[in-house]
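In our numbering, the protein residues as written are 30 to 88. Virtual Cβ for every residue (Gly too), placed ideally from N, Cα, C. Read through the structure below, which is laid out as structure tokens, and then see the notes.
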């Protein structure tokens, strides 16, 4: 079966809650799958291009 990946995008967060949401996602993932790696990028939706790779503009 091999390894699997999950990509999650959360829109509509604000300065007061985006870090709490990122922490909650990380905590939940590590509780269920402690040996997995996790990467979270926090940025404005305008920072990302519409490509499937979501490359940061100007990179």
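| said: I need the straight-line Cα distance from residue 44 to residue 53, nearest angstrom please. | reply: 15 Å
| Counting along the chain, where does the alpha helix (DSSP H) carrying residue 48 start and finish? | 47-61
| field | Within 8 Å, strictly: CB atoms of residue 18 and residue 50 | value | Any property of residue 18 remains undetermined from this structure, which presents the chain solely from 30 to 88.
| message | Please state whether the Cβ-Cβ distance between residue 55 and residue 67 is less than 8 Å. | response | yes
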